[in-house]
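To get the numbering used here, take the position in the sequence shown, counting from 1, and add 775. All remarks here apply to the structure that follows.
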Amino acid sequence: MDTHIRKMAQLLDNDQFLEKVGVTTKSSLQGDHPPCQGFTASHLGPDNELLRVEMKKIQSKKAQTTEEWLRNYSLESLQLTLEHLVNEGNVLNSRNDVEEREFTEETVKDFESRLSGVIELYQQRTQWLLQDSRKVFGLIKGSKVGLMVDVSHMSYGPRLRDFQKDLLCLIDEQLCYKKQLYCLSFSTEISPLWECPKNINVHVLHEARQWIQQLKPGQGCNLLKALKHVLTMKELNSLLLIVGSCPDQSLEILSDYVQQCILGRKLQIHAVTYDCSSPASLAVLKNLAEAVRGRYHCYSSKGENFDSSDFHLLLQESQKAKDLLKSIKQTFQRRIGGSIISRIADVSTEFANIAPSSFLPKPPNHEGPLVIQTPCVLAKTSRDWLKTNGLKAKKLNLYQVLAPNAFSPVEEFVPILKKPVSSTLHEKAMTQFEWYDGTVKNIHIDLPVLRNYQKLLAKMVRIYEKRIDWLSVASRRIWGSVCERRVVILVDISVTNSMYIIHIQHSLRLLLEEQMSDKDYFNIIAFGSDVVPWQLELVPSQPENLQNAWRWVLSLQCKGSRNFMSALRRAVEVDFKDRDKHKSQGLYLLTTGIPDQETHTISAYVAEVCRGFHLQLHVCLFGILEDVDSSGIIPARYANSTETATALKEIAQAANGRFHWFGEAGIFESDDITVIVSEMEKANNYSHKCAFLVESLKERSVKHSVNPFKPEGDSNFLTKKEKRRPQKLPSPKPTALSLARMYIKDNHGANRNASIRVLAWRPASAKAEIPPAQTIKEWPQTNKRKHKPRKQPEFSVSVFYADKGQNVGTVYRKYPKIMCIRRSIPSVTLPKKEEICSSKEWLTKYSIKTLKLELPRLMFGPGCTHQKKTVKSLHKKVSAKYCTIFPSVEINGVVKHLQFQYKELEIYTEQLEKVLQRYIQRIQWLLSGSRRLFGTILEANVCVLIDTSGSMDPYLPYVTKELTSLIWEQLRKNEVRFSLLRFAENTESWKECLVEATDETCHDAVQWVSKFHAHGSTCILMALQKALSFQGIEALYILTDGKPDTSCSLILKEVERLRKKQDTKIHTISFSCTDRGANEFLKKLAAQTGGRYHCSFGDVDGQLAAHRMLTEGLDDEDDPVFPYFEGDDLKKLTQEVAKARSFLKQAKSLRLLLQKWNTNQKDNSGFKKGAQVNRHCKLI
């Protein structure tokens, strides 16, 4: 220990050590160094308190990041690599290209001493990084800092106070030494403290502290909006981003936007995730920082997800130094006497024996006793759980519901026809439905039953979602659900897990605390090259045994390879030697890579030992970045993550077990979750089939409602009857009595009142008085019009004979009513799933006009027009009486009356907002994935043409990336037959014909696309001729960035000639083209062939505008607005959105008008002409 103290004194006696840790002292800044202070052992306590105090006093504004610090203090910079040691030796002889070198004792001892000092230096740097605000937020670089704080994750109470306390420490310890500061908080909206960055002084720091203390929780994490605001400030050279929840935008959108904004700027981005439990948020922020070449820092108060770019680099370098020191000791122990090695060990053993885990951050109370919990739910696998909670168990299988009303088709042999004949009665009266066994059955649809069934399906889906959430938290996220009563845990502690030993220990702690207390027996076996069991055999799961097991886990050290077979045999042959006597037994393997033994060997063994017994092997794969340690040593067997997962899944299946693959970002694959997701998909499929049955019933009802009394198959019955009527002779003009009797005959089933009975009575004398006739509605027309006659207004008259003579008179008893033309507001139903079709086709079904939501047609008919007529006696025009009843509005110079009520306008607003949101979601879908660049692939047989001319060189990597996405996202997913063709001065096709989109062909296409290189001119005509020669082609998708080399009119004529052979659509895609003429040519080419023109310009602004509309609302017609899209699909949709927003604004204005008018009516002020509220609206 005296040696260690003397070495520490030498390091601390001046400022040079502090500079090595990463800070610059005042004396070094002035250029002179004070004399040695003569530090002794009395200055150093057990925790190096003096060092901590001295380092805290130094201003952190000159602190260096680990990357900058390692430029001066890495092993390479300090000449402490193995190559430098070899160069210090003396060459004895050299033969056969092998050199023998001699090293003196002093050389080796000096090198080891320096290497030990560097290890200690790395340890001190690590401790410094884990102190104060650096532990929470990392080391902040830059002199002009922008502080962005996400408040969406905060909640009132202790968590908010802890967050504010940490931010105040950050201000006091790091940000107060900067030159300028800018503060902004954001959730759905942004809230800046100042309009621009402020020079740091006492008042500015006081305002920042007050601002932190007044932070309040918000909703949503609109990171893109906050970045758009802050990145406009060119003064900043550092951006500190603190996020506690998953951003609303995707990583791709955020990364692209930030990269474009910081292009050409020296702006450092430091991303911090604060106490965030969302794996998606950790992945997004980490990948965002790496994409913009910034730094990241992940902090958790529980210590579960700690990660930092600075800390990671330092640990790697420290591990290299320790591995090198260990290698030197082993090498020179064979060459030099043991006495020398023992003296060297006195200096270096203290640091060489330091375990990697001592450098790693640990969760709070990591080494404390377990907090054992008793499970409140009986653990079950998802398959067992579904036996009581699945759709079949709940009798919610669609075929179970339809079975009582399902009938098989009847087919019998008819001797006369000498063939079997099927009954057609059920087919006409019922709906045909394919059964689960492939047969077709006739179904009687009961709508109330189906509606109730769909509600029950939705309820079960919610239950399944809760089950998935339960499986994704706590120890179940790592181990799954531990269900057996007798459990043995196999833990991989190979050397490749050195950097993850804290994760492994914490995983075991969670398992012991949460799932092991209700088991009967358990044991833990750790394995590397050797097998290390905790106990010789299974022990009861009692609290004292669990605590002892945890203390043993804390002592584990990583070493060796993965000798899984030995650990497995030990567990089976010792712990489960009497496995035939017990029923519930399980092995749980926690590993990070592929075992040393061959997969088929292990699979055969576990299948043999588990067959016939109640024993299962479950595999938990912890996915890490690389399966190599920090020095690059590859294990006995190496495989990438996919190959490892495949091998371990095969082993689990051989033992009838479950496979669970997880990582720091979340769960990648889990058999338990996969089974639940499959049941949810089944429920979704049943719901779609119910919707199909309901829709088919509606179509059948509409078809039969055209003529419900006319038997099917007798379509010419009426025609034949009419042919027997005399066509040339006109009908005689009926008399009044004849008309009355005809009316009674036609209305035989009507109510027979007294007047009808009187009319049916025949008088004995012609001179007798005839009572009044029954009223009739209309006179029958003798001349039929070919088109459908317009409905006449309903009225009634009484027919009677006069007292004298044969004169007939009529009296109106019911006057005709004015036909009501007021329309009701329709209820809108829009599909949630996106249809693969063009916007033109989509809008034919779901446009404002089709949905009957056009405001002028809906609200203002002819009866609403304000009328004035001239009164001769007054010699002026006078308004109608009802003008004072309704409020009036002026529309395009015409005054009309508003006859809708306030509630009806409110319903119209709700329906229109619902339609608008669906339109915006459709636009977001069109701007996502490969559709952003290529649009939507509609046809089943296509060829994609890519321009690879010289002008495409800067954009070719991006185009190939998006083309790869197109192949998998649209062509493979929709099973489109396709081919690819690139063109420049010449053409080259991937295949000479269209091929099916399989996994193999798509992989081959991606490989071919990756070899693209830009050169030459743009020969579009040759490419079109080649593509149009493919057999069975339905459409071409051509992407180019400029005008063709040949004449545009020539290309259009040639394409028209070639299309005469087969009608092929050509969809054109303009990419980064500013030539107006070239874009016009592409539009003409698409329009001439019935295709669509697509341009991706404005996609980022479009995504932002769509997000703002969905989050901020649609109240303002002018903000936000979509950019001007030139592409056909996006252009039509954005025009429909603008039209809908205009109607929405007008409807809200009219609603406000009605509200004011109703208020005036209540106050008995009337709606006088002088105070009348007139609103001028411009309606489309």
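Ideal Cβ placement from N, Cα and C applies to all residues, glycine included.
Annotation: the segment 1036 to 1089 contains the following complete segments of the alpha helix (DSSP H) (minimum length 4 residues), in chain order: 1054 to 1066. Beta-bridge partners of residue 1718 (DSSP): 1754, 1811. In this structure, 1869 is the residue among 1831, 1768, 1869, 1803 with its C-alpha nearest to the C-alpha of residue 1816. For the 8 Å CB-CB criterion, residue 1705 and residue 1904 do not form a contact.
In this model, residue 947 and residue 973 are separated by some 16 Å (Cα to Cα). By the C-beta criterion, the segment 1813 to 1828 is judged to be in contact with the segment 1849 to 1865, since at least 3 inter-stretch pairs fall below 8 Å. Nearest Cα to residue 1297 within the set 1335, 1095, 1351: 1351. For residue 1291, no alpha helix (DSSP H) encloses it, and the DSSP letter there is neither H nor E. In its chain, beyond the 5 residues on either side, 1450 have a beta carbon closer than 7 Å to the beta carbon of residue 1158.
Here residue 1261 is actually not in contact with residue 1393; their C-beta atoms are around 13 Å apart, not less than 8 Å. The alpha-carbon of residue 1629 is positioned some 11 Å away from that of residue 1601. In the structure shown, residue 1318 falls within a helical segment according to DSSP collapsed to helix, strand and coil.
If you check the CB distance, residue 1012 and residue 917 come in under 8 Å. Within 10 angstroms of the beta-carbon of residue 1798 lie 16 or more other beta-carbons, which makes it buried. According to the DSSP secondary-structure assignment, residue 1267 is paired through a beta bridge with 1302. Residue 1436: member of the beta strand (DSSP E) spanning 1434 to 1438, first to last residue. DSSP places residue 928 in the coil class of the three-state scheme, outside both helix and strand. Membership of residue 1208 in the beta strand (DSSP E) is indicated by the continuous run 1206 to 1209.
Here residue 971 is exposed. Its C-beta has fewer than 16 other C-beta atoms within 10 Å. The distance from the Cβ of residue 1196 to that of residue 1207 is about 17 Å, inconsistent with a contact at the 8 Å cut-off. Secondary structure note for residue 1388: it is in no alpha helix (DSSP H), with a DSSP letter that is neither H nor E.
Counting the other Cβ atoms within 10 Å of the Cβ of residue 1039 gives fewer than 16, which makes it exposed.
The DSSP-derived three-state label of residue 1216 is strand.
Taking the Cβ atoms as the reference, residue 1691 lies roughly 51 Å from residue 1422, outside the contact range of under 8 Å. From the listed residues 1332, 1293, 1265, the smallest Cα separation to residue 1271 is found for 1332.
The beta carbon of residue 1752 sits closer than 8 Å to the beta carbons of 1715, 1716, 1717, 1769, 1770, 1771, 1772, 1807 from its chain, once the five residues preceding and following it are set aside; these are given in chain order. Between the alpha carbons of residue 1848 and residue 1932 lies a distance of about 54 Å. Just measuring C-alpha positions, the residue of 894, 906, 955 sitting nearest residue 921 is 955. In this structure the segment 1718 to 1734 touches the segment 1783 to 1800; the number of beta carbon pairs closer than 8 Å is three or more.
Shortest Cα-Cα distance from residue 961 to any of 1023, 1433, 1027 involves 1023. Excluding five sequence positions before and after residue 878, the CB atoms of its chain that fall closer than 6 Å to its own CB belong to 864, given in chain order.
Ranked by Cα distance from residue 1335, the options 1362, 1326, 1370, 859 are led by 1370.
Its Cα nearest to that of residue 966, the residue 987 stands out among 902, 1149, 1029, 987. For residue 1018, the enclosing beta strand (DSSP E) begins and ends at 1013 to 1018. The shortest C-alpha to C-alpha distance from residue 849 to any of 861, 895, 1725, 862 is the one to 895.
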